[in-house]
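Protein chains in written order, with this note's numbering: chain A, 68 to 301; chain B, 98 to 496.
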Amino acid sequence: MELSSIVSADEFDAVIISMKVAVLCAVISSPISLLLGWILARKSFHGKPLLDALIHLPLVLPPVTVGYLLLLTLGIHGFVGRYLFDWFGIRLAFNFYAAVIASVVVSLPLFVRSVRLSFELADQGIEDAARTLGAGKIRTFLVITLPLALPGILSGFVLSFARSLGEFGATMTLAGNIEGETRTLPLAIYSFMNVPGGEGAAMRLAGLSIILSLGAFFASEYLANRARTKTGKA
Amino acid sequence: MRLEIDVKLRQGDFDLELSSKITENTLGIFGASGAGKSTLLHLISGLKKPNTGRIILNNRVLVDTATKIFLEPQQRRLGVVFQDGRLFPHLSVKKNLLFGSKNHKKSAKRDSAKLDFSSVVETLELEHLLERRPANLSGGERQRVAIGRALLANPELLLFDEPFSAIDTSKRLELLPYISRVQREFNLPLLIISHDLPELLQLSDQLLLIEEGKLLAQGNSRELIFSTHASKRLLESGVSSSFYGVVTAKYQAEGTAQITIINPESSSTAAAPRILAPFQSSIGKGEYVRAQLAPEDIILSSAPVEYISAQNQLRGVITRSRRLGGRTLVEVDCSGFKLITEVTNKSSSEFSYTPGRNLWVLFKTWAVTYSLYASDYQAAPKPLISTPKHQRILELNKK
Chain A
68 MELSSIVSAD EFDAVIISMK VAVLCAVISS PISLLLGWIL ARKSFHGKPL
118 LDALIHLPLV LPPVTVGYLL LLTLGIHGFV GRYLFDWFGI RLAFNFYAAV
168 IASVVVSLPL FVRSVRLSFE LADQGIEDAA RTLGAGKIRT FLVITLPLAL
218 PGILSGFVLS FARSLGEFGA TMTLAGNIEG ETRTLPLAIY SFMNVPGGEG
268 AAMRLAGLSI ILSLGAFFAS EYLANRARTK TGKA
Chain B
98 MRLEIDVKLR QGDFDLELSS KITENTLGIF GASGAGKSTL LHLISGLKKP
148 NTGRIILNNR VLVDTATKIF LEPQQRRLGV VFQDGRLFPH LSVKKNLLFG
198 SKNHKKSAKR DSAKLDFSSV VETLELEHLL ERRPANLSGG ERQRVAIGRA
248 LLANPELLLF DEPFSAIDTS KRLELLPYIS RVQREFNLPL LIISHDLPEL
298 LQLSDQLLLI EEGKLLAQGN SRELIFSTHA SKRLLESGVS SSFYGVVTAK
348 YQAEGTAQIT IINPESSSTA AAPRILAPFQ SSIGKGEYVR AQLAPEDIIL
398 SSAPVEYISA QNQLRGVITR SRRLGGRTLV EVDCSGFKLI TEVTNKSSSE
448 FSYTPGRNLW VLFKTWAVTY SLYASDYQAA PKPLISTPKH QRILELNKK
């Protein structure tokens, strides 16, 4: 049975958009979170509490506020978005990319926290041992630290993916609710609820979103378990 | 080995200020927990930078704050065996072992590698462990892998940080032969850090004593025990007389083994004293052992004693004695076999235990502890037997 035979075309679109946004969000967040998580776990510098607070801000702010702040920044009249548009013709509001950006910003604190924790737990004594065996800082990071932190990084990746699937407020504010472009699953459910006779579609999409989220959760458990056995922490 | 250390490091309210020249091929670094031993190891291996000072190994400057030279740990080529092994948990034993050799292939200056994989695996008996993961190894096996891994990085010097502390007490003796085998087969200088003096003495006669971040004394344990600053510390920590010997007979039914002492000052074993030690099935006849005898297990007597259970009675002469509080330290030479014992000042004056006095030394079979040093004593190079020729006792004036 094809998915398209159960749900209508615009419902199916919402699923595809959601998946695309979530995958892109997790992928784009990965290098950023690795870098930030590593800096927060291993470096000490003057502005560290400020950086920490800044990264965590989207976690404590209402998502709509985050979206609004992003709009003030990235919108075509925003103080960054204005130049992006004038100089490069790039628009980062009310389109698909805006939906991805909103997801990245909102899910980043979760990803960074998970990465940071796993870097903090990776035994630095083992890294010292690698150094005394002749490995430089980069090889030590790639061959020792990264694999040891892998379970936490994977779980951060899945958290980011799942948080993006559930993202509503910031997406709505920054990317709008454009059918076929920024209307993700939650936005589609909301839209169907506001349309007379849309309850059936809303219900179906709610079911799909449960399946997707649970799937992500089980995938993360499986990957984390595999990584844990590999690192000998079973 | 020529290792020159002259460093100062302040860490919180702990100050390490240490200066020493090390020329011994095997040196034990002894001190209580928190004395600064591990900090010293970190400084030598490059994991910590001194505030001021320098460390020079065989004319190679590892760090010198005056000329702003600092070699990173990966540039120093020092093998470090950490106390818990610090194996890479996500790699197999084989990959752990090969980790260091991969790094050093890249470096241009590769000396003729006398340390090849198969000889290290054979020496440390790691063959059957190669495919395992570190989580499935015992404490002793883990240490052996850690030693092999350090060796295969082709180091100039091997540093041990509390090599026994992560091993069950009952299994500790099993690691000893491996360390001495490494010492012998690869002829590498060893620095061994420990807070456990009896264990340290099983590996090294040469000691460097650290107390509160300062060098207390340096030299041969037997000399140090008669020195001003170190003797009290050594006695409190369980110093014992260490010696080498060959198992010349085994009497399983009687529960004993005969050990012929190797006299470090003469090459022949003809007149060497023989003692009885507990029977150990794992150590065969003809094998070379390193043994210990604690001062408190020895009884001095003016004449041989009949009707006594102690199996060992050796004739000797007092070579040194020294008062230390209420007790007197006495060194007795039994035809080249030098033993240290302590008696109360009362016995000392009653029997006039002064240098030159002839007497008998008595100890039980069970007082002797020994472990395998080599299966063939002829194969053991002579320098490993301590020679008191180049004794240097460094005593720093305490504040």
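Glycine is no exception: its CB is placed at the ideal position from the N, C-alpha and C atoms. The structure presented is a predicted model; accordingly, all values stated were derived computationally and were not measured.
The C-alpha of residue 354 of chain B is placed about 34 Å away from the C-alpha of residue 255 of chain B. Contact of residue 195 of chain A with chain B by beta-carbon distance below 9 Å involves 139, 142, 144, 170, 177, 179, 183.
In this chain, the beta strand (DSSP E) harbouring residue 290 of chain B covers 287–291.
With its beta carbon at least 8 Å from every one in chain B, residue 209 of chain A lies outside the interface. Close to residue 212 of chain A, with beta-carbon spacing below 9 Å, lies no residue of chain B; the smallest spacing is near 11 Å. Cα atoms of residue 425 of chain B and residue 227 of chain B: separation of roughly 53 Å, rounded to the nearest angstrom. Contact annotation: in the segment 223–256 of chain B, residues whose CB is within less than 9 Å of a CB in chain A are 230, 231, 232, 233, 243, 246, 247, 249, 250, 251, 252, 256. Considering only B:189, B:288, B:373, the residue with the shortest C-alpha distance to residue 122 of chain B is B:288.
Look at residue 227 of chain B here: in three-state DSSP terms it is coil, with no helix or strand label. Cα atoms of residue 180 of chain B and residue 284 of chain A: separation of roughly 39 Å, rounded to the nearest angstrom. Under the Cβ criterion of 8 Å, residue 381 of chain B is not counted among the residues facing chain A. Taking the CA atoms as reference points, residue 343 of chain B sits about 11 Å from residue 369 of chain B. For the pair residue 294 of chain A and residue 221 of chain A, the Cα-to-Cα distance works out to about 9 Å. A direct Cα-to-Cα measurement between residue 250 of chain A and residue 231 of chain B gives close to 50 Å. The alpha helix (DSSP H) runs lying completely inside the segment 177–206 of chain B and spanning 4 residues or more are 190–203, given in chain order. Closest by C-alpha distance to residue 418 of chain B, out of B:401, B:441, B:432, is B:441. Put simply, the segment 305–314 of chain B does not touch the segment 271–279 of chain B. Fewer than three CB pairs are less than 8 Å apart. Residue 158 of chain B sits in a strand when the DSSP states are folded into three classes. A residue is called buried when at least 16 other Cβ atoms come within 10 angstroms of its Cβ; residue 108 of chain B does not meet this threshold and is exposed.
Contact check for residue 211 of chain A against residue 194 of chain A passes: the beta carbons are separated by less than 8 Å. Leaving aside the five residues that flank residue 276 of chain A on each side, the residues in its chain whose CB is nearer than 6 Å to its CB run, in chain order, 252.
With respect to the C-alpha of residue 133 of chain B, the residue from B:150, B:114, B:345, B:148 having the closest C-alpha is B:114.
Of all alpha-carbon atoms in B:410, B:448, B:197, B:404, the one lying nearest the alpha-carbon of residue 374 of chain B is that of B:410.
In the three-state reduction of the DSSP assignment, residue 132 of chain A falls in the helix class, which pools H, G and I. Shown here, residue 119 of chain A sits in a helix according to DSSP, grouped into three states. Looking at the DSSP output, residue 260 of chain B bridges to nothing. Note that the C-beta distance between residue 226 of chain A and residue 177 of chain A is below 8 Å. Residue 323 of chain B has a beta carbon lying at 8 Å or more from every beta carbon in chain A.
Around residue 240 of chain A, the same chain offers 131, 134, 135, 138 as residues with beta carbons nearer than 7 Å, after the five sequence neighbours per side are excluded.
With fewer than 16 other beta carbons inside 10 angstroms of its own, residue 233 of chain B counts as exposed. Contacts with chain A at 8 Å (Cβ-Cβ) include residue 200 of chain B.
The three-state secondary structure of residue 385 of chain B, taken from DSSP, is strand.
Exclusion of the five residues before and after residue 197 of chain A leaves 207, 211 as the residues of its chain whose Cβ lies within less than 7 Å of its Cβ. By the Cβ rule, the segment 314–327 of chain B does not count as touching the segment 156–172 of chain B, because fewer than three pairs are nearer than 8 Å. In this structure, the straight-line span from the alpha carbon of residue 292 of chain B to that of residue 305 of chain B is close to 12 Å. When DSSP reads this structure, residue 311 of chain B sits in a beta bridge with B:114, B:308.
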